[in-house]
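Using the working numbering, the first residue of the sequence shown is number 1, and each one after it goes up by one.
Here a beta-carbon is modelled for each residue, glycine too, at the ideal position from N, C-alpha and C.
The model shown is predicted, which means the values in this text are computed figures rather than measured ones.
Report on one structure; see the data block that follows.
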Amino acid sequence: MLRNVSMSGQIPTYIWSKPVLRSLDLSFNKLSGEVLGINLVPKFTYLTSNMLSGEIKSGVYLNSKSNIDLSYNNFSWPSSCQERSNINTYRSSYLKNTLTGILPCAGSVTCKKYQRSLHINCGGETVTVTNSLGKITYQADNSEVKAATNMHFKNWGISNTGDFMDDGEENDKYIMSTNKTLPGDSPDLYKTDLYKTARRSALSLVYYAFCLENGEYNLKLHFMEIQFSEQELYSRLARRIFDVYVQGKLFLRDFNIRQEANGTLKSIVKELKAVNVTDHKLEIWLYWAGKGTTLIPKRGNYGPMISAISLCHSMEQHCGVEKTKNHINYPLIFGVTGPLVAIIFLALGFYAQRKCRRDKKKRERDLRAEGLQTVCFTWRQLQAATNNFDEANKLGEGGFGSVFKGELSDGTIIAVKQLSSKSCQGNREFVNEIGMISGLNHPNLVKLYGCCVQKDQLLLVYEYMENNSLALALSGKSSLKLDWAARKKICVGIARGLDFLHEGAAIRMIHRDIKTPNVLLGADLNAKISDFGLARLHEEEHTHISTKVAGTIGYMAPEYALMGHLTEKADVYSFGVVAMEIVSGKSNTTQKGSDDNAPLIKWAMTLQQKGDIMEIVDPKLEGEFNSLEAERMIRVALVCTNANPSSRPLMSEAVKMLEGEMEIPQILSGPAVYGHDLNFSKLMEMQESTSMSGYGLSHLIKDQPPQTPQQSFLPSHCNM
Numbered sequence: 001m002l003r004n005v006s007m008s009g010q011i012p013t014y015i016w017s018k019p020v021l022r023s024l025d026l027s028f029n030k031l032s033g034e035v036l037g038i039n040l041v042p043k044f045t046y047l048t049s050n051m052l053s054g055e056i057k058s059g060v061y062l063n064s065k066s067n068i069d070l071s072y073n074n075f076s077w078p079s080s081c082q083e084r085s086n087i088n089t090y091r092s093s094y095l096k097n098t099l100t101g102i103l104p105c106a107g108s109v110t111c112k113k114y115q116r117s118l119h120i121n122c123g124g125e126t127v128t129v130t131n132s133l134g135k136i137t138y139q140a141d142n143s144e145v146k147a148a149t150n151m152h153f154k155n156w157g158i159s160n161t162g163d164f165m166d167d168g169e170e171n172d173k174y175i176m177s178t179n180k181t182l183p184g185d186s187p188d189l190y191k192t193d194l195y196k197t198a199r200r201s202a203l204s205l206v207y208y209a210f211c212l213e214n215g216e217y218n219l220k221l222h223f224m225e226i227q228f229s230e231q232e233l234y235s236r237l238a239r240r241i242f243d244v245y246v247q248g249k250l251f252l253r254d255f256n257i258r259q260e261a262n263g264t265l266k267s268i269v270k271e272l273k274a275v276n277v278t279d280h281k282l283e284i285w286l287y288w289a290g291k292g293t294t295l296i297p298k299r300g301n302y303g304p305m306i307s308a309i310s311l312c313h314s315m316e317q318h319c320g321v322e323k324t325k326n327h328i329n330y331p332l333i334f335g336v337t338g339p340l341v342a343i344i345f346l347a348l349g350f351y352a353q354r355k356c357r358r359d360k361k362k363r364e365r366d367l368r369a370e371g372l373q374t375v376c377f378t379w380r381q382l383q384a385a386t387n388n389f390d391e392a393n394k395l396g397e398g399g400f401g402s403v404f405k406g407e408l409s410d411g412t413i414i415a416v417k418q419l420s421s422k423s424c425q426g427n428r429e430f431v432n433e434i435g436m437i438s439g440l441n442h443p444n445l446v447k448l449y450g451c452c453v454q455k456d457q458l459l460l461v462y463e464y465m466e467n468n469s470l471a472l473a474l475s476g477k478s479s480l481k482l483d484w485a486a487r488k489k490i491c492v493g494i495a496r497g498l499d500f501l502h503e504g505a506a507i508r509m510i511h512r513d514i515k516t517p518n519v520l521l522g523a524d525l526n527a528k529i530s531d532f533g534l535a536r537l538h539e540e541e542h543t544h545i546s547t548k549v550a551g552t553i554g555y556m557a558p559e560y561a562l563m564g565h566l567t568e569k570a571d572v573y574s575f576g577v578v579a580m581e582i583v584s585g586k587s588n589t590t591q592k593g594s595d596d597n598a599p600l601i602k603w604a605m606t607l608q609q610k611g612d613i614m615e616i617v618d619p620k621l622e623g624e625f626n627s628l629e630a631e632r633m634i635r636v637a638l639v640c641t642n643a644n645p646s647s648r649p650l651m652s653e654a655v656k657m658l659e660g661e662m663e664i665p666q667i668l669s670g671p672a673v674y675g676h677d678l679n680f681s682k683l684m685e686m687q688e689s690t691s692m693s694g695y696g697l698s699h700l701i702k703d704q705p706p707q708t709p710q711q712s713f714l715p716s717h718c719n720m
């Protein structure tokens with residue numbers, strides 16, 4: 001037995017020529033490649049949960065009398081594939097498999113009708129139980145299975161893996177039953193017949209349902225420990241511990257029936273709500289993870305065990321209930337009200353359907369109209385990457401939605417921005433951001449991996465930036481401490497990114513919302529500009545914005561904020577504000593009513609005029625900085641924030657000034673710098689009446705939680 005020992009590579013061919021081998025267990029490893037050179041198949045052969053491939057050889061496997069388990073691999077199936085009771089070829093679409101389908105032979109089941117409920121009496125006969133609502137019938141599950149078995153019935157099936165090696169083959173027993181009287185105080189007294197039997201497995205037991213109507217389901221798993229007894233000493237010491245996965249996600253870890261129910265012969269029901277079914281199938285996997293008792297006197301007793309399964313669509317009020325007949329006569333009532341109600345519901349349904357289709361088609365037309373060239377992820381991929389958008393993975397809030405950390409199947413860490421599809425502004429900026437950034441590639445621009453437009457959701461997928469936003473670092477709310485070298489590197493990186501947007505890109509554009517929250521920092525503190533939802537193409541002949549001015553108070557250039565005049569010099573002004581915030585560690589906006597109500601730029605200009613320019617430098621640096629570089633950055637910031645747009649440098653010139661390759665022009669002083677009667681308090685009043693906030697990854701405010709890798713695959717194109 002070499003189970004779960006992290007073996008990799010191909011199975012050596014000499015193993016198959018050993019006539020003395022009775023059992024071969026290589027399951028739950030990382031073995032890959034084809035299985036070659038088979039002469040003899042051991043009586044018990046377990047290869048489950050690897051990455052083995054190639055076609056199953058019907059002459060060797062399917063005609064063998066051995067118990068063979070090939071489940072959870074990448075095998076292909078011959079055209080003559082037929083199910084056999086001693087061979088487990090179960091395939092899962094959720095765990096360790098890239099093939100579609102859940103049955104051993106492709107096309108062997110055709111769903112003529114989709115069901116909304118399923119009730120199984122595990123290990124027992126058909127049972128009908130009665131409650132106050134009516135009767136519920138639990139289907140029989142009393143078929144004998146072997147050490148490696150996959151069999152299916154009308155709309156569900158079983159996959160079993162593993163034999164009880166310490167019992168001897170003749171003692172292997174997969175169905176347990178009890179004749180003992182169950183306690184009368186059971187919380188599910190009317191279901192006690194369900195607990196008379198149970199199905200167990202030595203290693204892995206899978207129940208899978210197919211032909212299900214898609215949607216959310218409520219799942220109940222019924223357990224009772226009927227094998228162990230409280231009267232026998234050796235039985236009192238036994239422990240049954242296993243894990244339960246639903247749809248490939250861990251539901252119960254280290255589950256102990258007796259411990260959860262506070263004793264044997266006591267029922268316990270575990271309920272999981274909102275189980276998502278999207279491909280008409282559901283999988284429940286009970287797996288013995290190597291814990292608990294493996295050998296007890298008289299008989300080996302270990303592995304998972306379950307008594308019954310109840311699955312109900314969340315829209316079903318009385319799921320699976322066969323209502324008893326009564327003597328109330330309803331024809332007259334239904335004859336009068338039925339048609340009216342039907343007409344109302346049909347009208348509402350028709351209206352909702354048309355509206356939904358209209359909204360969806362509009363989004364798709366918008367996307368196609370932009371000629372977008374970007375990767376489209378599926379909803380399921382992003383749902384798996386973010387663990388179903390778990391709140392624990394939430395990085396923060398943007399102006400139009402939330403941002404989640406995720407991990408793709410290839411290990412790529414991503415940031416997923418979830419926008420509201422009901423927001424018209426969000427729709428416009430979703431399309432705008434993809435159109436602007438999808439074709440850009442620069443070390444100082446955040447990379448867009450792709451998008452998703454499914455399930456009434458708008459999602460953008462970006463590269464993940466480990467050190468969050470520049471605003472968070474400067475505010476002192478993160479553990480990141482920026483020394484002078486890091487601040488200079490960040491400032492130059494922002495300038496180079498803007499230079500690329502203005503002059504280096506194939507299509508020149510203006511960002512319109514440059515600010516410290518929209519600058520993200522990587523692991524090496526490389527600065528990247530994000531949030532292109534407000535970006536505009538630069539057109540020489542169209543420099544006036546006729547619609548609402550958009551941006552952020554404290555960073556907008558005077559000519560743009562007051563008159564709507566937009567050129568690349570508006571971004572230069574915003575950069576000057578950001579550069580001053582980097583060197584000073586202060587924000588350009590102050591709270592109303594504070595003692596110092598002057599904006600940062602005006603305060604810096606005052607100190608420059610007094611000759612006290614070094615007082616601008618952030619005190620948190622404690623004097624450890626290059627004074628020449630600091631003075632240069634302050635002067636560049638003041639030149640970039642000149643009230644006259646023509647006096648501001650180009651971003652390419654600003655880069656050269658910061659690096660000392662170009663002389664900095666003389667800074668104008670005096671009240672003329674703040675023309676147009678522009679003051680901070682007036683702009684703050686404008687903010688209350690005008691929508692001026694961008695959205696994006698700029699509002700990341702939480703620490704990043706650890707992640708659990710989930711299965712996800714990257715498509716080469718999207719289907720809409």
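- Each residue's CA atom was taken as its position, placing E230 and R236 some 5 Å apart.
- Secondary structure note for I490: its alpha helix (DSSP H) is the uninterrupted segment W484 to D499.
- Where R258 is concerned, the enclosing alpha helix (DSSP H) starts and stops at I257 to A261.
- DSSP lists no beta-bridge partner residue for D254.
- The C-beta of Q666 has fewer than 16 other C-beta atoms within 10 Å across all chains shown, which makes the residue exposed.
- When only Cα atoms are considered, T48 and S402 end up about 40 Å apart.
- In the displayed model, C451 falls within a strand according to three-state DSSP.
- Minimum Cα-Cα distance from S652 among the listed residues R496, N588 and M633 corresponds to R496.
- Taking E216 as reference, the option from N276, N644, K586 and N642 with the minimal CA-CA separation is N276.
- Counting only runs of 4+ residues, no alpha helix (DSSP H) is found wholly inside the segment 179-229.
- DSSP places C640 inside the alpha helix (DSSP H), whose first and last residues are S627 to C640.
- Counting other Cβ atoms within 10 Å of its Cβ, S17 stays below 16 and is therefore classed as exposed.
- No Cβ-Cβ contact shorter than 9 Å links A579 with V655.
- Secondary structure at V129: strand, using DSSP grouped into helix, strand and coil.
- Take A505, set aside five residues on each side of it, and the residues of its chain with a beta-carbon closer than 7 Å to its own are L440, in chain order.
- Each residue's CA atom was taken as its position, placing N387 and I437 some 27 Å apart.
- Three or more Cβ pairs closer than 8 Å define a contact, and the segment 126-138 falls short of that threshold against the segment 202-219.
- Below 8 Å, enough C-beta pairs join the segment 65-73 and the segment 140-151 to call them touching: three or more.
- Put simply, of M305, H119 and Q259 the residue whose alpha carbon is nearest the alpha carbon of N218 is H119.
- In the DSSP assignment, Y46 falls within the unbroken beta strand (DSSP E) covering F44 to Y46.
- Here the C-alpha atom of S117 lies approximately 22 Å from the C-alpha atom of M305.
- Cβ neighbours of V206 within its own chain (closer than 6 Å, five residues either side excluded): S159 and W285.
- Residue burial annotation: T552 is buried, with at least 16 other C-beta atoms found within 10 angstroms of its C-beta.
- The distance from the Cβ of D163 to that of F28 is about 15 Å, inconsistent with a contact at the 8 Å cut-off.
- Counting the other Cβ atoms within 10 Å of the Cβ of I344 gives fewer than 16, which makes it exposed.
- Residue range G401 to E407 is occupied by the beta strand (DSSP E) that includes K405.
- Check the Cα spacing between S8 and each of G533, K30 and L458: the tightest is with K30.
- With a cutoff of 9 Å on beta-carbon distance, I616 and T516 are scored as not near each other.
- Taking a 10 Å sphere around the C-beta of I507, we find fewer than 16 other C-beta atoms and assign the residue as exposed.
- Excluding the 5 residues flanking it on each side, E629 has same chain C-beta neighbours closer than 7 Å at K488, in chain order.
- Residue nearest to K173 within the set K528, D410, T197 and L520 is T197 (criterion: CA-CA distance).
- With three or more CB-CB distances shorter than 8 Å, the segment 258-276 counts as touching the segment 238-247.
- A straight-line Cα-Cα distance of about 16 Å links H280 and M315.
- About 33 Å separates the Cβ atoms of P558 and A485, ruling out a contact at the 8 Å cut-off.
- Short of 7 Å from the beta carbon of G493, and not among the five residues preceding or following it, lie these beta carbons of its own chain, in chain order: N444, N526 and A527.
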